[in-house]
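Asker: One rule links them: number in the working numbering = place in the sequence shown (from 1) + 4.
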Amino acid sequence: MTTSTMQKVRMPAEWEAHSGCWMGWPIHGMWGKDRDGVEADYAAVAHAVRRFEPVSMLADPSVVQRARNLLGADIDVIEAPMDDAWLRDSGPTFVRTAAGELAGISWRFNGWGGANPSFDKDAALADIVLRQARVPIIPSAMAIEGGAIAVDGAGTLLTTETVVLNPNRNPGMTRAKAEAEFSRTLGVTKVIWLHGNKDEFGTDGHIDGIACFTRPGVVLFEESHERAGRSYETAMANLRGIEGQTDAAGRKIEILRMTDAPPLDRQGKGDWGTSRSYINFYVANDGIVMPSYGVPEDDAARDIIAAAFPGRDIVQVPIPVLCTGGGGIHCITQQQPQV
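Here it is, written out as structure tokens:
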């Protein structure tokens with residue numbers, strides 16, 4: 005069921021109630037000898053999320069039986085052709101209509117601007133998920149990924165120029181054009197633009213590795229662990245993009261700050277391309293599922309996130325192999341709001 009309806013829609017904030025979470029099982033060819041390790045990470049995340057809400061796991065035909073064997077009966081495994089397993093990015097964005105019903109935005113997925121040249125199967129995943137969920141599809145010609153947007157559920161969006169305005173996704177795109185499309189598809193009336201991070205491995209600077217809303221008017225921002233150099237300067241430029249901003253309701257944005265993890269050496273690969281983000285967490289029903297890296301900084305990050313989301317159980321999940329792919333827990337999860 006596809007609709008090009010112009011009726012008012014709203015993307016709920018991630019902390020609003022969910023009916024479940026969508027994920028995708030990793031493809032063996034993408035991970036090579038790290039297959040067993042990354043599968044263990046995905047399974048651990050899935051079962052952590054399942055403590056709070058149902059989980060539906062897409063799996064390519066080549067790995068669907070293995071996924072079922074490793075996940076057990078508690079996770080619903082659905083066969084679907086896939087190229088990769090970052091469902092936050094290739095999957096849909098769920099919205100609510102003015103009538104309170106669910107619909108889903110099917111963005112134009114182009115493999116992170118060509119970072120992954122094989123993306124034809126992933127480009128169809130949003131529609132597959134939405135048909136499985138039995139909700140109307142609202143197509144968008146904008147090429148972005150779910151990790152590029154963060155909303156407060158009350159009209160305000162955070163995003164980055166290095167993704168949305170990047171010619172590798174949207175040639176000729178302007179802020180005004182993008183804001184009009186975000187208004188149509190997500191129901192937002194205020195967009196806060198950060199520069200982003202053109203050096204970020206694979207994605208060009210997704211917002212879900214930089215900042216997120218914790219409630220309307222409050223943004224949690226992740227600084228660089230480093231105190232000099234390119235990463236530090238990029239983080240500070242993004243922080244300046246939030247400072248002094250107001251949201252859709254006219255409130256001055258309050259900024260909570262945390263730092264990412266120190267440089268990591270995972271699987272003998274060094275730190276290049278490895279995600280060290282704590283802010284790349286998933287907000288589940290009554291809980292937070294966040295990464296841990298086996299470093300002392302894990303405890304401080306947990307305390308900051310617990311204070312930002314009072315009343316939620318905090319579950320830390322080690323992701324020693326997943327993080328070497330340049331992403332984290334938020335990158336592999338996609339919430340379906342409750343009707």
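Glycine residues also receive a C-beta, built at the ideal position from the N, C-alpha and C atoms.
For the segment 135–215, list the alpha helix (DSSP H) runs that are entirely contained and at least 4 residues long, ordered along the chain.
Answerer: Segments of the alpha helix (DSSP H) lying fully in the segment 135–215: 165–168, 179–190.
Asker: Output yes if chain C places a C-beta closer than 8 Å to the C-beta of R173; else output no.
Answerer: In the displayed structure, chain C is absent; only one protein chain is listed.
Asker: Reducing DSSP to helix, strand and coil, say where R316 ends up.
Answerer: Here R316 sits in coil by DSSP.
Asker: Could you tell me whether the Cβ atoms of G221 and I246 are closer together than 8 Å?
Answerer: no
Asker: Using beta-carbon positions only, say whether G24 and V49 come within less than 8 Å of one another.
Answerer: no
Asker: Which class does W26 belong to by DSSP, given the choice of helix, strand or coil?
Answerer: strand
Asker: Does DSSP put E43 in a helix, in a strand, or in coil?
Answerer: helix
Asker: Go ahead and pull the three-state DSSP assignment for P341.
Answerer: strand
Asker: By Cβ distance below 8 Å, which residues in the same chain neighbour V325 in space, the five residues on each side in sequence not counted?
Answerer: For V325, where only same-chain residues beyond five positions count, the Cβ hits under 8 Å are W35, D38, G41, V42, A44, D45, R270, Q271.
Asker: Can you have a look at K202 and say buried or exposed, based on whether 16 or more other CB atoms are within 10 angstroms of its CB?
Answerer: So K202 ends up on the exposed side.
Asker: With D93 as the anchor, note down where its alpha helix (DSSP H) starts and where it stops.
Answerer: 91–94
Asker: Short check: CB of L169 to CB of A182, under 8 Å?
Answerer: yes
Asker: Quick check on DSSP: helix, strand or coil for L129?
Answerer: helix
Asker: Just list the residues that DSSP pairs I259 with in beta bridges.
Answerer: V223
Asker: Rounded to the nearest angstrom, what separates V13 and R100 at their Cα positions?
Answerer: 5 Å
Asker: In terms of residue numbering, what span does the alpha helix (DSSP H) encompassing L74 cover?
Answerer: 68–75
Asker: With L224 and I211 assumed to form a contact (beta carbons below 8 Å), what rounded beta-carbon distance in angstroms separates them?
Answerer: Actually they are not in contact, since the Cβ atoms of L224 and I211 sit about 12 Å apart, beyond 8 Å.
Asker: Can you give me the Cβ contacts of E18 inside the same chain, cut-off strictly under 7 Å, excluding the 5 residues immediately before and after it?
Answerer: V287, Q339
Asker: In the DSSP assignment, what residue or residues form a beta bridge with L106?
Answerer: R100
Asker: Can you tell which of T263, A128, P16, L243 has its C-alpha closest to the C-alpha of D307?
Answerer: Nearest to D307 by C-alpha distance, out of T263, A128, P16, L243, is T263.
Asker: Which residue wins for smallest C-alpha separation from R261, given the options I309, N289, E230?
Answerer: I309
Asker: Helix, strand or coil for S235 per DSSP?
Answerer: Here S235 sits in helix by DSSP.
Asker: For the candidate residues R188, N114, E185, E204, whose alpha-carbon lies nearest to that of A147?
Answerer: N114
Asker: May I ask you to list the residues that DSSP assigns as paired with I82?
Answerer: L62
Asker: Which residue wins for smallest C-alpha separation from A253, given the options R219, A184, G233?
Answerer: R219
Asker: Would you mind sorting A130 into buried or exposed? The rule is 16 or more other CB atoms within 10 Å of its CB.
Answerer: buried
Asker: Buried or exposed, going by whether 16 or more other CB atoms sit within 10 Å of the CB of Q320?
Answerer: buried
Asker: Could you check where the beta strand (DSSP E) with G291 kicks off and where it finishes?
Answerer: 291–296 is the span of the beta strand (DSSP E), which, as asked, contains G291.
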